[in-house]
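Taking it in order: structure first as structure tokens, then the write-up.
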Amino acid sequence: MQFSELIAAVRSKPHSLQVPEQWAQGRASFGGLMAALVYEAMRAQVPAGRPVRSLAITFVGPAEPEVPLSFEVEVLREGKAVSQVLGRAVQNGQVVTLVQGSFGGSRESRIQVSAEPAPQAPAAEACQELPYIANVTPAFTRFLAMRWAFGGMPFSGNKAREMGGWVRLREQSEVQRVDESHLLALVDAWPPAVLPHLTTPAPGSSLTWTIEFVQPVAELSTQDWCLYRAQIEHAQDGYGHVAAALWSPAGELLAISRQTVAVFG
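Residue numbers (the UniProt record's numbering): 1 to 265.
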């Protein structure tokens with residue numbers, strides 16, 4: 001199933017969904033997909049005109065592929081402009097992904113500060129792509145293309161503090177407009193920025209993740225390359241603290257991200 005098919009599935013059947021094995025990330029389902037699925041269930045409970053402003057995501061445990069999931073949503077508060085919503089993905093009676101979201105309508109304001117410009121990067125066509133190799137790269141990378149422009153690839157021994165490059169969905173059977181669910185997948189597609197510091201393979205995964213969206217989302221299609229850059233702020237004792245951002249091909253800021261990652265190496 002392609003990304004768009006899974007998003008359509010959770011919209012129609014949030015109480016019974018299985019993530020295919022092809023979307024695995026080690027023994028778990030791809031975290032960016034899990035966040036997107038919970039978000040879609042949450043968005044269905046929010047009034048129109050209140051786009052998502054921020055999500056705080058905790059990966060409580062691995063969501064196993066091919067095992068039924070259900071999605072639960074609780075509206076914590078609905079104010080005049082902002083809705084606070086809690087979403088859960090539940091598997092085998094246990095919460096595996098927990099998301100707290102803030103959805104808010106726009107309001108008049110005298111404050112307006114433009115985002116800093118996107119970093120300079122070589123064109124996507126000039127950058128090395130991480131190939132999908134069965135049983136070597138994570139299974140979900142068959143659906144997402146990443147081309148390195150900053151730092152090194154995982155386990156390359158590159159000690160740079162930054163990592164990233166161009167990213168987009170590989171699926172081309174149906175071109176769609178990019179929305180927040182797509183952005184979640186594009187940001188989380190990248191491996192933890194600390195992994196290039198290693199020279200031998202070791203597992204690493206996101207523990208917590210906060211992401212903020214610039215609204216309205218820029219006009220993009222799933223064929224467009226977006227630019228991602230992560231910067232390591234601190235790493236010690238098996239945990240890394242990483243700040244990141246995603247920009248459109250035109251340099252428009254799309255999302256701001258922060259992750260605490262666990263690495264076993």
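For every residue, glycine included, the Cβ atom is placed at its ideal position computed from N, Cα and C.
Nearest-angstrom Cβ-Cβ length linking residue i and residue j, presumed shorter than 8 Å
i, j, result
"V73", "V96", "Not confirmed; about 15 Å, so no contact."
"W225", "W166", "4 Å"
"Q18", "V67", "7 Å"
"A235", "V194", "5 Å"
"S70", "S16", "7 Å"
"I256", "A245", "5 Å"
"R170", "F143", "5 Å"
"Q100", "A56", "5 Å"
"V242", "P191", "In fact, because the Cβ distance is near 11 Å, the residues do not count as touching under 8 Å."
"A145", "R168", "6 Å"
Counted within 10 angstroms of its Cβ, other Cβ atoms place residue i as buried (16 or more) or exposed
i, result
"L76", "exposed"
"V217", "buried"
"R8", "Residue identity check: residue 8 is Ala in the sequence provided, not Arg. So A8 ends up on the exposed side."
"V136", "exposed"
"P203", "exposed"
"Q91", "buried"
"G251", "exposed"
"N229", "The residue asked about is misnamed: residue 229 is Arg in this sequence, not Asn. Burial call: buried."
"T222", "buried"
"S114", "exposed"
"G164", "buried"
"A124", "buried"
"R177", "exposed"
"G151", "buried"
"A126", "exposed"
Element boundaries [alpha helix (DSSP H), containing residue i]
i, result
"E116", "That residue, E116, is in no alpha helix (DSSP H); it is neither H nor E in DSSP."
"Y132", "Note, Y132: premise wrong, no alpha helix (DSSP H); not H, not E."
"H182", "E180 to D188"
"A35", "G31 to R43"
The beta strand (DSSP E) enclosing residue i, as first and last residue numbers
i, result
"residue 271", "With the chain covering 1 to 265 only, the question about residue 271 has no answer from this structure."
"A255", "L253 to V263"
"V82", "V82 to Q91"
"E21", "No beta strand (DSSP E) contains E21, which DSSP labels as neither H nor E."
"R11", "Premise fails: R11 lies in the alpha helix (DSSP H), F3 to S12, not in any beta strand (DSSP E)."
"G101", "Q94 to G104"
"W225", "Run containing W225: none; DSSP gives neither H nor E here."
"S54", "V52 to F59"
"S70", "S70 to E78"
"R147", "L144 to F150"
"G165", "E162 to L169"
"A245", "Y239 to W247"
Beta-carbon contacts of residue i that lie in its chain and below 6 Å, excluding the five residues immediately before and after
i, result
"D188", "G31 and G32"
"A139", "Q22 and A24"
"P14", "A41 and F71"
"P122", "A149"
Contacts around residue i, its chain only, beta-carbon distance under 8 Å, and the 5 residues preceding and following it disregarded
i, result
"Y239", "L207, T260, V261, A262 and V263"
"V10", "L17, L37, E40, A41 and F71"
"T200", "F155 and G265"
"Q94", "V60 and G61"
Other residues of its chain near residue i: CB distance less than 7 Å, five sequence neighbours each side excluded
i, result
"T141", "L130 and Y132"
"S102", "R53, S54, V82 and Q84"
"A118", "L227, W247 and G251"
"F159", "Contrary to the premise, residue 159 reads as Lys rather than Phe in this sequence. H197, listed in sequence order."
- Does the stretch 177-195 come close enough to the stretch 33-42 that 3 or more CB-CB pairs lie under 8 Å? yes
- Task: Give a yes or no on contact between the stretch 129-149 and the stretch 105-116, applying the rule of three or more CB pairs nearer than 8 Å.
- Result: no
- Taking contact to mean at least 3 C-beta pairs separated by less than 8 Å, is the stretch 61-71 in contact with the stretch 22-30? yes
- Task: Please determine if the stretch 76-96 and the stretch 42-55 are in contact, where contact requires at least 3 C-beta pairs separated by less than 8 Å.
- Result: yes
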